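Remarks on the structure that follows.
In the working numbering, the protein residues as written are 4 to 244.
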């Protein structure tokens, strides 16, 4: 990661008024140092004390010195992790940092998620209404903004796909009886059909909770919803088209 961006990230994460404490920085850096078998220069909070030799001038510098010892993908993972900590998630400067991270390094370093997205796009191209909304959701997520809208668009994309596949205009919540019959007609086993019903139910419950009541959704939860949507869509298209 280039020096300027790394410095910017550390300034935000270790901000005196709204950022992490020196103790927190050392604690989390040590955790990742153990995970990746990396030796970090600032591994004890006492090194931030005024009388320590050599003196580390401030916690921003400590964080930057530590991050510089990691590889790029590790740096990205650590910065994302720190940005998701409960004490920082409502910080507007942190949200802007996440946005810039996503623009610069992509929406996620999750290769399995990227593979699932590409496969879903391939299958979804024949359903332009759903495909359009699906891409809008990914675009918003890639920019790290509008978390509620990402979930809303994923939900709408699935709803539009079902309308096309089942040739009706029912809402997502009212599709199950019709969908269940179609799955039975396609000789989908009762067990798989029941699993699918539960997945759709949980999907709807989660979406309703966060779309209607709460914008504070963690990035890893959004990734899970996207992955879940990918799986559902691919199954539906392969089975019902």
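From the three backbone atoms N, C-alpha and C, an ideal C-beta is built for every residue, glycine too. Here the structure is a predicted model, which is why all the values come from computation and not from measurement.
Cβ separation of residue i and residue j, assumed to be a contact under 8 Å, to the nearest whole Å
i, j, result
"residue 85", "residue 31", "6 Å"
"residue 69", "residue 97", "About 19 Å separates the two Cβ atoms, so there is no contact after all."
"residue 181", "residue 164", "Contact flag wrong, Cβ pair sits at about 14 Å."
"residue 235", "residue 161", "6 Å"
"residue 189", "residue 243", "7 Å"
"residue 12", "residue 154", "Incorrect: roughly 26 Å between the Cβ atoms, too far for contact."
"residue 196", "residue 207", "Incorrect: roughly 17 Å between the Cβ atoms, too far for contact."
Residue i versus residue j: straight-line alpha-carbon distance, rounded
i, j, result
"residue 83", "residue 185", "42 Å"
"residue 159", "residue 60", "51 Å"
"residue 226", "residue 211", "17 Å"
"residue 95", "residue 103", "12 Å"
"residue 76", "residue 199", "35 Å"
"residue 201", "residue 239", "15 Å"
"residue 91", "residue 237", "36 Å"
"residue 52", "residue 29", "13 Å"
"residue 33", "residue 129", "49 Å"
"residue 21", "residue 58", "23 Å"
"residue 194", "residue 89", "39 Å"
"residue 276", "residue 6", "Examination of residue 276 is not possible in this model, given that the chain is present from 4 through 244 alone."
"residue 209", "residue 50", "45 Å"
"residue 174", "residue 241", "21 Å"
"residue 228", "residue 139", "15 Å"
"residue 192", "residue 105", "41 Å"
"residue 121", "residue 137", "12 Å"
C-beta contact flag for residue i and residue j at 7 Å
i, j, result
"residue 108", "residue 79", "yes"
"residue 8", "residue 41", "no"
"residue 45", "residue 17", "no"
"residue 134", "residue 141", "no"
"residue 230", "residue 145", "no"
"residue 223", "residue 123", "no"
"residue 152", "residue 166", "no"
"residue 10", "residue 62", "no"
"residue 87", "residue 221", "yes"
Residue burial classification, residue i (beta-carbon count within 10 angstroms, cutoff 16)
i, result
"residue 19", "exposed"
"residue 37", "exposed"
"residue 114", "exposed"
"residue 67", "buried"
"residue 178", "buried"
"residue 47", "exposed"
"residue 205", "exposed"
"residue 81", "buried"
"residue 172", "exposed"
"residue 156", "buried"
Practice prompt. Scan the stretch 155-223 and note each continuous alpha helix (DSSP H) run of 4 residues or more that stays entirely inside, going in chain order.
Written response: 179-188 and 193-216
Discussion item. Please give me, in chain order, every unbroken run of the alpha helix (DSSP H) with length at least 4 that falls completely inside the stretch 18-88.
Written reply: Here the runs fully enclosed are 25-39, 62-70 and 75-86.
Worksheet item: Counting only runs that start and end within the stretch 111-136, where is the beta strand (DSSP E) found for 3 or more residues in a row?
Response: The qualifying runs do not exist here; there are none.
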